[in-house]
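Numbering (the UniProt record's numbering), first residue to last: 1 to 46.
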Amino acid sequence: MMAILVQTGITLLNGLKNTKVQIDDEDQAMLLLCSLPFHTSLSGRP
């Protein structure tokens, strides 16, 4: 499940990369983290 979420986030970021929008690496990392379910984003525990 986690791999699917991460892959979806990467796919979305790659889609943005193909547009004229410039997103810094730090912002891409935050977008990916924010797209994860809350219980997995910080503690790794449910």
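All C-beta atoms in this analysis are idealised placements derived from N, C-alpha and C, irrespective of residue type, glycine included. If you're wondering where the values come from, they're calculated on a predicted model, not measured in any experiment.
CB of residue i within 9 Å of CB of residue j, strictly
i	j	result
L12	L33	no
Run of the alpha helix (DSSP H) containing residue i, from where it starts to where it stops
i	result
Q22	No alpha helix (DSSP H) holds Q22; DSSP gives it neither H nor E.
Proximal residues to residue i (C-beta, below 8 Å), its chain only, five neighbours per side dropped
i	result
V6	L32 and L36
V26	A small fix is needed here, since residue 26 is Glu in this sequence, not Val. Once the five neighbours on either side are set aside, E26 has no close Cβ partner at all.
Own chain, CB closer than 6 Å to residue i, minus 5 neighbours either side, in chain order
i	result
G9	L32 and S35
Cβ shell of residue i (< 7 Å), same chain only, five flanking positions each side left out
i	result
L16	I23
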